[in-house]
């Protein structure tokens, strides 16, 4: 048996990027979840995956909406990362967003995305992953900022900018 506390400590030793996955709820409001469990999966077809906890109140909305946007967060988006990491219905309070042409809620102003990239997807498949779902999205649209931004990383329970690598 693997001791959960040690498992979490070991997994926290692996730096990762930080994403916020957003979709619309049945009332047309934005919902989302912060996820560091994200990966590219396939080039042909273009597929990505993320892994929300089944216990998340956002998980069933993401599953049922059949489409979502994955924001690869920049270091300037700490407020968004923490807001969507919480529980409850007021996650979006004070968060600026707009609808994309595909109908996905995108973080930030429409004139200039703040994320390092945004990936708009349709639900392709869902798999069981223990206490998490494995949601695979078929990539439908990609958005890059006009000016490069510094990515956000997650390491040992802390968020911060990716250090400049020489």
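In this note's numbering, the protein residues as written are 31 to 196. Backbone N, C-alpha and C define an ideal beta-carbon position, used for all residues, glycine too. Bear in mind the structure is a predicted one, so any value in this text is a computation, not a measurement.
Note: residue 98 is bridge-paired with 151 in the DSSP secondary-structure output. Rounded to whole angstroms, the Cβ separation of residue 137 and residue 125 is 7 Å, and the two are in contact under 8 Å. For residue 49, the enclosing beta strand (DSSP E) starts and ends at 49-54. For residue 121, the CB contacts under 6 Å within the same chain, skipping 5 residues up- and downstream, are 113, 114 in chain order.
In the structure shown, residue 38 falls within a helical segment according to DSSP collapsed to helix, strand and coil.
A distance below 8 Å between beta-carbons, with the five flanking residues on each side excluded, links residue 151 to the following residues of its chain, in chain order: 78, 97, 98, 99, 100, 167, 168, 169, 170.
The C-beta distance from residue 190 to residue 105 rounds to 7 Å, short enough to fall under 8 Å.
If you check the CB distance, residue 63 and residue 102 do not come in under 8 Å.
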